[in-house]
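> Residue numbers (the numbering used here): 45 to 301. Can you read through this structure? Questions will come right after.
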């Protein structure tokens, strides 16, 4: 069993996203630990990239801020290694194919295995071009997380059949960012997935308040929140970990259902 399955074993999972190194490495680590202490079941770690095409303004600003401060992939691997001294829940990278290519595909996956990364999400990697990464994913035991979007339609079954770890269900078209309303028929999307696999589904993009978290958890196995957490880091800086912890607690589906 993939370690990622452990994130879903106690029921609905809460998955916060952090941009690594924003506003700085020490605050990143403290905020991640605060999220874990307040019930997070899996952590998404964003590796900053200069062209984050899936990200909205909030995460773009954090990414560019982290890069400006000198964050790079090796520093992030070091941060993960330090986190692993007392963080045992699954950790998953979210980044872009170019970051992995630039590092060296095999070297990147070797390092992921070495520091304890359980999975990787590459939003710019089409299903039809995943072979190069999926071979490395299997070789080093790092799940390649599949994304299914509102535009996936007839491709849902094809993508879901080969999914490992969990399936990232994208709630809305467009980039990441807080949304007042989520109008996609997510129930139908998850039902299509359920027809071909029992790999857990988590919904992300646009979720920011407890009502939305509760509603998404009633449809899927987990809820992913990114921009709302990064906004707290942007607003409170070094003092953010305490606010992040309280926010995670208020958003966790197990505290809402």
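Where a beta carbon is used, it is the ideal one built from N, C-alpha and C, also for glycine.
1. Pop quiz: residue 186 and residue 156 are said to be a contact at Cβ under 8 angstroms. What is the actual Cβ separation, rounded to whole angstroms?
2. With three or more C-beta pairs closer than 8 angstroms as the rule, is the region 146-154 touching the region 98-106?
3. What are the boundary residues of the alpha helix (DSSP H) that residue 35 is part of?
4. Pull up the distance between the alpha-carbon of residue 243 and that of residue 65, whole angstroms please.
5. Check whether the region 150-170 touches the region 196-206, counting contact only when three or more Cβ pairs, one atom from each stretch, lie closer than 8 angstroms.
6. If you drop the 5 nearest sequence neighbours on each side, which residues of the same chain put their C-beta closer than 6 angstroms to that of residue 285?
7. Can you give me the Cβ contacts of residue 234 inside the same chain, cut-off strictly under 7 angstroms, excluding the 5 residues immediately before and after it?
8. Run through DSSP, which three-state label would residue 111 get?
9. Applying the criterion that 16 or more other CB atoms from any shown protein chain within 10 Å of the CB defines a buried residue, is residue 202 buried or exposed?
10. Classify residue 81 as buried or exposed, calling it buried when 16 or more other Cβ atoms lie within 10 Å of its own Cβ.
11. Do residue 288 and residue 60 have their CB atoms nearer than 9 angstroms?
12. Going by CA-CA distance only, name the one from 240, 50, 154 and 109 that's closest to residue 275.
13. Could you give the distance in angstroms between the alpha-carbon of residue 290 and the alpha-carbon of residue 83?
The answer reads as follows:
1. 5 angstroms
2. no
3. Residue 35 lies beyond the residue range present for the chain, which begins at 45 and ends at 301; the question has no answer from this structure.
4. 31 angstroms
5. They do not touch, by the three-pair rule.
6. 74, 75 and 78
7. 213, 245, 263 and 264
8. Reduced to three states, the DSSP call for residue 111 is helix.
9. exposed
10. exposed
11. yes
12. Comparing Cα positions, the closest option is 109.
13. 10 angstroms
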